[in-house]
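All remarks here apply to the structure that follows.
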Amino acid sequence: MVKWKKDLGLEGRMLLTMLLLAAVYLFFLAFLSYMRAPSSFMILFIGLSLGAQYYYSDRLVLWTMNAKVVSEDEAPNLHQTITRLCAIADLPKPRIAVVNTRVPNAFATGKGPNSAVVAVTTGLLERLNQGELEAVLAHELSHVKNRDMAILTIASFISTIAFYFVRYSLYFGAFGGNRKNSGGTVIVWIVSIAVWIVSFLLIRALSRYREFAADRGSAIITGQPSHLISALLKISDVMPRIPNEDLRKVEGMNAFFIIPAAVSGSFMNLLSTHPAIEKRIAALEKIQRELEL
């Protein structure tokens, strides 16, 4: 078992982002209270929806990706590799799944270490060597150890509420059911969409920081940051040559992947769920230098 070294700068940025999210959400709740919003039913409905997503996310993701959970007899190397990495990371062994697609990628899902699933694509298994595969699997196990699925689901809760208020306030009028109160409706709509946009940007920033943390976790578990650098370069180099039809089938899972499967040019870094490859490699190279000291 390795000692889980902390990156205080990275953890500080994640903490600041979560505090900003909390401030935005508290403001939104205070605003709803001031407007005397009869929002209990909507919040209950959205809460139940997010609760179902939280508890059944692993099944939903596997179903969406048409991933097959494989036994040790079906994928002995994968099982042996993950068993060893879990022992190093002090994690219970997750279920292991394989997705039959040419897109080289991997993802983890599940609300915590005891319900996690780590999945890889056949395209990834065909292209990476053992060291690179271990680095990618260690990255996904770091997501599991850090409980990233649960954190991002919780972080998105009030953002989702704001989205629903934006969607329905213009249809049903201002709070209190008075369709003539158009001024109140417009105020609710403006504030809700502002909260949704700000929280969306903060959640995307938090997602990028979680990717940096998972990269760091991979480097700590394997002791070989260069292997993850090599894997990231291989995956990003192959991605543009994958047929668009294959990319479209999986691009809805981009937030889960180690590298997004984009059909066209990438969005601005501000809107991306992942840091730029160049920044991830620079961070890994810094960790490599730290390990060599």
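Every number in the working numbering is 12 more than the matching position in the sequence shown, counting from 1.
For glycine and all other residues, C-beta sits at the position ideal for the given N, C-alpha and C.
- Partner residues in the beta bridge of Ile108, as assigned by DSSP, are Val130.
- DSSP, read as helix, strand or coil, puts Phe119 in strand.
- Taking 8 Å as the cut-off, the Cβ atoms of Ile271 and Ser248 count as close.
- Per the Cβ contact rule, the stretch 209-218 is not in contact with the stretch 125-137 (fewer than 3 Cβ pairs under 8 Å).
- From the listed residues Arg25, Val110, Asn256, Leu149, the smallest Cα separation to Asn78 is found for Val110.
- Between Ala273 and Val115, the CB-CB gap stays under 8 Å.
- By alpha-carbon distance to Gly264, the top candidate from Lys80, Val73, Ala35, Lys123 is Val73.
- At a cut-off of 4 residues, the continuous stretches assigned as alpha helix (DSSP H) that sit fully inside the stretch 209-281 are 237-250, 256-262.
- If you ignore the 5 residues before and after Glu297, its C-beta comes within less than 8 Å of the C-beta of Pro237, Ile241, all in its own chain and listed in chain order.
- Judged by DSSP in its simplified three-state form, Val82 adopts coil rather than helix or strand.
- Of all C-beta pairs linking the stretch 218-229 to the stretch 145-163, three or more are shorter than 8 Å, placing the two stretches in contact.
- Here Glu144 is buried, its C-beta having at least 16 other C-beta atoms within 10 Å.
- Apart from sequence neighbours up to five positions away, the residues of its chain that approach Phe119 with a beta-carbon distance below 6 Å are Ala131, Phe268, Phe269, ordered along the chain.
- C-alpha of Asp102 to C-alpha of Trp201: approximately 47 Å in a straight line.
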